[in-house]
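Q: Residue numbers (the working numbering), protein chains in the order written: chain A, 1 to 114; chain B, 115 to 229.
Have a look at the structure that comes next, please.
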């Protein structure tokens, strides 16, 4: 039972470098999300995708881009990393049917920008 | 826009005692789901309990139960027989019915279970 899988789990970047966080779900969910969580704070929505082929901005989209590659995969890209992007990033997905919009999370990706 | 408020930043309870975490939300919609998530120090987000707004009966999962008051827009979590492993951040979350909806989280309550 893989659920939501994120890679990498840990990454250290230098300021100005770029990287992509990968996320995949195997539950045939339509909606996928990227959140960030800073120390001692709640989750803030970066981007979300209601269905394959669509993406929308959340609360804190600046400095990020996303791609909904197919129904399974939703990636988050940092084009030019900044120290303010040091955070834990969570991918999540939701569906309908018997799971009734239950939110499933990946294990998180810890990103440090130095 | 939907909002979720958790007014208790931190709480403490002794082992084996009962504790209640508060959550209020604001929406003009009538069809939605509410959740409580637990986040231990590992930062993993663990689903504790889920409530469908159309159900009057309060959800329960073992030692965890909710008090859902739809008219008051209140969704509190009761943890009975608290255990040391319950020490974690607890987040209340809200989503409208339908897959084109955003998830909204409260700011969390840090629960410490003591001996």
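The beta-carbon is built from N, C-alpha and C at its ideal position, and this holds for glycine as well.
Note that the structure is a prediction, hence the values are computed from the model and not measured.
Is residue 188 of chain B helix, strand or coil by DSSP?
A: Three-state DSSP puts residue 188 of chain B in a strand.
Q: If you measure between the beta carbons of residue 45 of chain A and residue 60 of chain A, is that distance less than 9 Å?
A: Cβ distance < 9 Å, so residue 45 of chain A and residue 60 of chain A count as in contact.
Q: Check whether the Cβ atoms of residue 148 of chain B and residue 33 of chain A lie closer than 9 Å to each other.
A: Cβ atoms of residue 148 of chain B and residue 33 of chain A: not closer than 9 Å.
Q: Can you tell me the Cβ-Cβ gap for residue 173 of chain B and residue 146 of chain B, rounded? I've got them flagged as a contact below 8 Å.
A: Actually they do not touch by this definition, with Cβ atoms about 14 Å apart.
Q: Just the Cα atoms here: how many angstroms apart are residue 183 of chain B and residue 123 of chain B?
A: If you take the alpha carbons of residue 183 of chain B and residue 123 of chain B, they lie about 21 Å apart.
Q: Is the beta carbon of residue 69 of chain A closer than 9 Å to that of residue 47 of chain A?
A: No; because the gap between Cβ atoms is not below 9 Å, this pair is not in contact.
Q: What residue range does the beta strand (DSSP E) around residue 164 of chain B cover?
A: 160-166 is the extent of the beta strand (DSSP E) around residue 164 of chain B.
Q: In this structure, how does DSSP classify residue 17 of chain A when only helix, strand and coil are distinguished?
A: It is coil, neither helix nor strand.
Q: Looking only at its chain, what residues have a beta carbon closer than 7 Å to the beta carbon of residue 7 of chain A, apart from the 5 residues adjacent to it on each side?
A: Same-chain partners within the cutoff: 22.
Q: How many Å lie between residue 129 of chain B and residue 111 of chain A at the Cα?
A: Taking the straight line joining both Cα atoms gives about 35 Å.
Q: Could you check whether the Cβ of residue 143 of chain A sits closer than 9 Å to any Cβ belonging to chain B?
A: Residue coverage of chain A in this structure runs from 1 to 114, which leaves residue 143 of chain A outside it and unanswerable.
Q: Measure the beta-carbon distance from residue 114 of chain A to residue 4 of chain A and round it to whole angstroms, keeping in mind my assumption that it falls under 8 Å.
A: That pair is no contact at about 28 Å.
Q: Helix or strand or just coil, what does DSSP make of residue 84 of chain A?
A: In the structure shown, residue 84 of chain A sits in a helix (DSSP, three-state: H, G or I).
Q: Looking at chain A, is there any beta carbon in it that lies within less than 9 Å of the beta carbon of residue 182 of chain B?
A: Residue 182 of chain B does not count as touching chain A.
Q: Applying a beta-carbon distance threshold of less than 9 Å, which residues of chain A neighbour residue 221 of chain B?
A: Within 9 Å Cβ-Cβ: 41 and 42.
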